[in-house]
Amino acid sequence: MSEGNGQQGKKRLTNPPKTVEIRIQRRENPDATAYTETFEIPYRQNLNVISALLEIRKNPVTKDGRQTTPPVWDMNCLEQVCGICTMVINGCVRQSCSALIDDILLANGGNTIILEPMSKFPNVRDLVVNRSEMFKYLKRVHAWIELDGSYDLGPGPHISQEVQQERYAYSRCMTCGCCLEACPQYHDDNYIGPQAIAQARLFNMHPTGKITMDERLNGLLEEDGITNCGNAQNCIQVCPMGIPLTRAIYETNRDVTVNALFGWLRK
Amino acid sequence: MASNGLKIAVVGGGLAGLAATMKIAEAGYDVDLLSIVPVKRSHSVCAQGGINGAVNTKGEGDSPWKHFDDTVYGGDFLANQPPVEKMCEAAPKIIYLFDRMGVPFSRTKEGLLDFRRFGGTLHNRTAFAGASTGQQLLYALDEQVRKFETDGKVNKYEGWEMLSLVLDDHQVCRGLVAMNLQTLELKAFQADAVIMATGGPGLVFGKSTNSQVCTGSAVSACYQQGAKYANGEFIQVHPTSIPGEDKLRLMSESARGEGGRVWVPKNQGDTRQPRDIPTSERWYFLEEKYPAYGNLVPRDIATREIFQVCLEGYGIGGENQVFLDLTHIPKEVLDAKLGAILEIYEMFVGDDPRYVPMRIFPGVHYSMGGLWVDYEQRTNIPGLFAAGECDYSIHGANRLGANSLVSCVHGGFVAAPNAIDYAKNVERGVAETNGIYDAELQKQQEINNQIIKNEGTENQYKIHEEMGKVMTDNVTVVRYNDRLKATDDKLLELMDRYKNISINDSNLWATQAVPHARQLWNMLNLARVVTLGALNRDESRGAHYKPDFPERNDEEWLKTTIAEYSAEAPILSYEAVDIGLIEPRKRDYSKGKVLSAAATEKGGAAQFVPQGNEEKPENTSAEEIWEEEGDKIKDGESFKEITEDKS
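Listed in order, the protein sequences are those of chains A and B.
Mapping of the first sequence onto the working numbering: position 6 corresponds to residue 6, and the numbering continues sequentially without gaps.
So the mapping is simple: the working numbering equals the position in the second sequence, first residue as 1, plus 267.
Structure representation (structure tokens):
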């Protein structure tokens with residue numbers, strides 16, 4: 001029995017506040033100016049940010065009793081696997097579904113939760129941003145395997161457990177945008193960013209994907225390409241899936257260099 | 268290839284929708300792909316365990332026919348058999364295709380695909396990519412479709428929600444009307460064929476394991492326009508999910524496989540911390556009621572018992588929660604065997620399940636029912652097809668684990684060529700169809716205007732909560748006719764109150780209030796289909812359980828429920844089930860002891876033990892199957908397993 005000493009590996013909020021203050025950055029539409037509204041909800045254990053938002057949406061009245069419009073945010077899977085509910089919470093970019101109020105208060109003290117939209121993407125309304133640029137980057141790096149067709153051609157190539165496991169880590173990227181939000185180099189679409197580079201790496205590592213590696217590397221050679229990485233290594237700190245982004249950048253950069261140096265030999 | 272201006276619309280960008288889209292684009296035709304969220308964020312990403320296909324790489328003598336038999340048996344014989352057989356035949360090819368697309372499936376030492384065991388079978392038949400197989404499969408299709416998007420064959424409309432079909436005077440589907448979720452702009456999409464691939468209706472139950480887009484709204488719209496909805500009453504409830512204020516997250520069965528014990532305090536409303544409650548004051552109700560299986564009773568029984576204990580007021584603190592306790596197992600063992608799922612619990616609940624018992628409760632998980640389709644995925648509306656969880660065709664009265672991913676992809680693969688065939692041959696009644704798009708647009712705009720204009724006193728989110736609660740209380744695990752009737756009355760009351768809602772949002776740009784109001788009305792209509800289908804079906808079969816009618820009744824109820832819309836109430840009719848390939852036999856959980864021990868020994872960690880225990884009765888047709896397939900099986904061990912299977 002492991003009862004008794006040191007049982008909670010995790011620290012708990014010992015003296016929880018009666019209420020939690022939720023400060024939300026509001027913006028009516030992309031052309032409007034942003035402002036902040038403060039809401040207050042009763043504290044409950046195990047509340048996450050989404051639950052707090054749901055409660056506010058049901059009855060959108062500010063802390064000082066003023067009726068307002070319901071705050072708008074994106075959410076879907078609520079299991080940190082779709083990536084859609086990403087926002088900046090008390091200064092850290094993360095998914096709001098897995099952001100527990102207890103943890104945030106424990107880390108920051110006080111009783112205030114501050115919610116802001118990601119700053120590197122166009123702000124649609126309140127906490128919603130438009131991340132379609134990220135999907136365009138995936139097109140640029142040809143983040144797919146070129147198939148002869150989807151008809152029955154038997155199994156794929158043999159792959160070792162080691163390569164599979166390395167690829168698996170990259171394949172968990174949910175295009176949430178945390179890495180771009182945290183990257184000091186990325187702003188105004190000037191850098192293709194870690195996620196697209198890691199996806200290029202994912203397919204370059206596959207025996208079939210290797211065949212068209214040049215196409216993927218070409219997508220990284222443009223002005224906003226891989227050389228814009230400033231090696232701040234923020235991306236790997238904030239990636240919710242723990243993807244080895246800096247390794248992907250390093251290894252892909254090596255491929256780019258090798259390709260530039262010796263690629264002409266093959267022509 | 269010239270597409271001759273032929274155009275197909277696919278609604279929904281999960282596995283089924285993307286599978287269909289890829290096939291259509293590959294054949295050289297244009298696709299409009301509509302999705303509420305960017306397709307990469309669809310609900311398919313939530314599937315964890317794997318995808319079934321009898322590839323038979325483990326020398327076990329597995330075969331598509333055995334997969335077929337397990338699926339039909341697990342579904343309590345309610346599925347029409349021919350399409351299930353086709354799916355099981357196609358499954359190995361589907362897995363190989365995903366392998367070629369670069370899905371990082373787990374591998375054997377030789378570098379081949381690895382397979383694991385899952386519920387309802389004795390074979391290693393489930394290919395998996397870590398514990399996030401759905402995510403990986405969805406991404407693979409997303410990538411292929413992105414390639415076709417780059418080639419200009421696919422037009423994605425992400426951030427659009429379908430509101431209705433465009434039907435001509437002959438009730439032929441000519442396209443659909445959808446709403447832009449930022450601008451609320453309505454647009455008519457002309458299409459020669461429409462494929463619905465919108466997933467399940469979990470949100471009808473308020474909280475479920477489903478994603479927020481899984482409202483069933485678009486399917487309900489089709490139903491209200493004349494599409495038949497089949498077997499709506501069959502809703503799978505998973506025994507162990509993690510209750511949250513916002514959703515129910517799944518807790519894998521492997522926690523019990525590793526020795527997890529389910530209990531509640533004997534004193535109702537006991538507020539002590541679990542570790543302060545002595546063993547003598549804990550009620551291990553599964554172990555008490557099922558001494559042979561204990562916590563590893565089959566899924567539907569575990570679900571039923573947990574639900575019942577809470578209804579009787581024994582839930583923790585009087586709430587709908589019971590303990591799933593792993594704290595008696597050494598931390599090192601838990602980390603080695605259950606690490607990943609324990610981290611999920613820790614991340615979302617904040618407690619460390621190595622030291623604090625988990626609080627779990629059954630959660631609505633999957634709808635076996637859906638749009639009625641024929642064997643070609645055609646609905647009863649010409650030009651309208653359906654695939655994936657939103658169609659009813661494969662799983663009968665109960666779905667086996669890891670069969671959903673394969674049914675989604677297969678459904679999309681069948682729907683696509685049939686939609687192309689139909690679209691090629693359909694006559695476009697130009698003169699006649701000209702006005703129908705404008706008429707439908709106007710009709711839908713008027714509904715929006717009415718919602719926006721309404722300034723009633725009702726709160727739509729509260730109505731949704733009330734619907735979810737009454738549906739969860741009465742139309743999930745245990746069903747009584749009086750309560751089902753009362754539920755329908757409550758739904759009618761909610762529909763009445765719905766007319767008096769106010770959207771409470773003066774800013775219409777990117778508002779979520781108008782879309783939610785549209786979804787809510789459609790959910791209420793679907794809720795009635797589920798409820799009344801359950802009320803009518805006086806038997807117990809698969810996920811549908813009525814204590815007053817505890818037995819499966821093939822004589823009267825081996826038939827598909829068909830609901831058709833009318834303004835007063837769904838009109839129910841029944842259709843015979845095609846059981847031409849495997850004769851129905853009884854599902855029997857009572858004599859599983861011998862197999863239980865064998866299965867546990869062989870399988871070790873036993874995520875699959877509960878369903879693997881389902882002993883097949885003696886009159887199983889396994890012998891005939893083996894005679895048929897005997898020449899394919901040379902392996903001595905597999906033969907031994909078959910004899911065990913029958914013992």
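Even glycine gets a Cβ: it sits at the ideal position worked out from N, Cα and C.
The continuous beta strand (DSSP E) containing Val-93 (chain A) extends over residues 92–95.
A distance of 7 Å or more separates the beta carbons of Leu-802 (chain B) and Leu-758 (chain B). In the same chain as Glu-37 (chain A), and ignoring 5 residues on each side of it, the C-beta atoms closer than 7 Å to its own belong to Ile-24, Arg-26, Thr-62 and Thr-68, in chain order.
Asp-126 (chain A) counts as buried, since at least 16 other C-beta atoms from the protein chains shown sit within 10 angstroms of its C-beta.
Checking the DSSP bridge columns, you'll see Ile-41 (chain A) partnered with A:Val-20. Taking 7 Å as the cut-off between beta carbons, the residues of the segment 400–423 of chain B near chain A are Gln-402, Gln-403, Tyr-406, Glu-410, Gln-411, Arg-413, Lys-414 and Thr-417, in sequence order. For Ser-160 (chain A), the number of other beta carbons within 10 angstroms of its own is below 16, and it is reported as exposed. Annotation: Asp-255 (chain A) to Tyr-168 (chain A) spans about 20 Å, alpha carbon to alpha carbon.
Separation of Ile-687 (chain B) and Ala-653 (chain B) (C-alpha to C-alpha, rounded to the nearest whole angstrom) is 14 Å. Annotated as proximal: Ala-464 (chain B) and Gly-284 (chain B), with beta-carbon spacing under 7 Å. With respect to the 7 Å criterion, Val-439 (chain B) and Ala-276 (chain B) are not classified as neighbours on the basis of their beta carbons. For Lys-63 (chain A), the closest Cβ of chain B is not nearer than 7 Å.
Val-529 (chain B) places its beta carbon less than 7 Å from that of Leu-553 (chain B).
With respect to the 7 Å criterion, Ala-321 (chain B) and Pro-331 (chain B) are classified as neighbours on the basis of their beta carbons. Beyond the five residues adjoining it in sequence on each side, Ala-780 (chain B) comes within less than 7 Å, by CB distance, of Ile-770, Asn-771 and Asp-772 in the same chain, given in chain order. For the segment 650–670 of chain B, the set of residues with a beta-carbon nearer than 8 Å to any beta-carbon of chain A is empty.
Only Gly-511, Glu-512, Asp-513, Lys-514 and Arg-516 from the segment 485–516 of chain B bring a Cβ to less than 9 Å from some Cβ of chain A. Looking at the backbone, the Cα of Ala-357 (chain B) and that of Ile-661 (chain B) are separated by about 13 Å.
Beta-bridge pairing by DSSP links Met-87 (chain A) to A:Arg-94. Cβ-Cβ separation between Asp-299 (chain B) and Asn-447 (chain B): approximately 14 Å, too far for a contact (criterion under 8 Å).
One thing to note: Leu-106 (chain A) has its Cβ within 7 Å of the Cβ of Leu-13 (chain A). Among the residues of the segment 66–77 of chain A, those with a Cβ less than 8 Å away from any Cβ of chain B are Thr-69, Pro-70, Val-72, Asp-74, Met-75, Asn-76 and Cys-77, in the order of the chain. In this structure Asn-685 (chain B) is in contact with Glu-643 (chain B), their Cβ atoms being roughly 4 Å apart against a cut-off of 8 Å.
Taking C-beta atoms as the reference points, Ser-508 (chain B) and Thr-482 (chain B) fail to come closer than 7 Å. For Ala-143 (chain A), the chain B residues whose C-beta falls within less than 8 Å of its own C-beta are Glu-410 and Arg-413, listed in chain order.
Closest in C-alpha terms to Glu-162 (chain A), from the list B:Leu-405, B:Ala-488, B:Gln-540 and B:Ser-373, comes B:Ser-373.
Counting C-beta atoms within 10 angstroms of its own C-beta, Gly-295 (chain B) has fewer than 16 neighbours from the protein chains shown and is therefore classed as exposed. By the Cβ test, the segment 777–792 of chain B is not in contact with the segment 617–636 of chain B, since fewer than three Cβ pairs between them sit closer than 8 Å. For Phe-816 (chain B), there is no enclosing beta strand (DSSP E), as DSSP marks it with neither H nor E. Gln-492 (chain B) carries a coil assignment under DSSP once its states are collapsed to helix, strand and coil. Near chain A, meaning a CB-to-CB distance below 8 Å, the residues of the segment 309–324 of chain B are Ser-309, His-310, Val-312 and Cys-313. Burial state of Phe-203 (chain A) is buried, judged by a 10 Å Cβ sphere holding 16 or more other Cβ atoms.
Nearest CB-CB separation between Pro-184 (chain A) and chain B: not below the 7 Å threshold.
Taking CB atoms only, Gly-679 (chain B) has no neighbour in chain A less than 7 Å away. Spanning the alpha carbons of Trp-776 (chain B) and Asn-715 (chain B) requires a straight line of approximately 14 Å. Contact check for Glu-410 (chain B) and Ala-248 (chain A): beta-carbon distance about 17 Å, past the 8 Å limit, so the pair fails to qualify.
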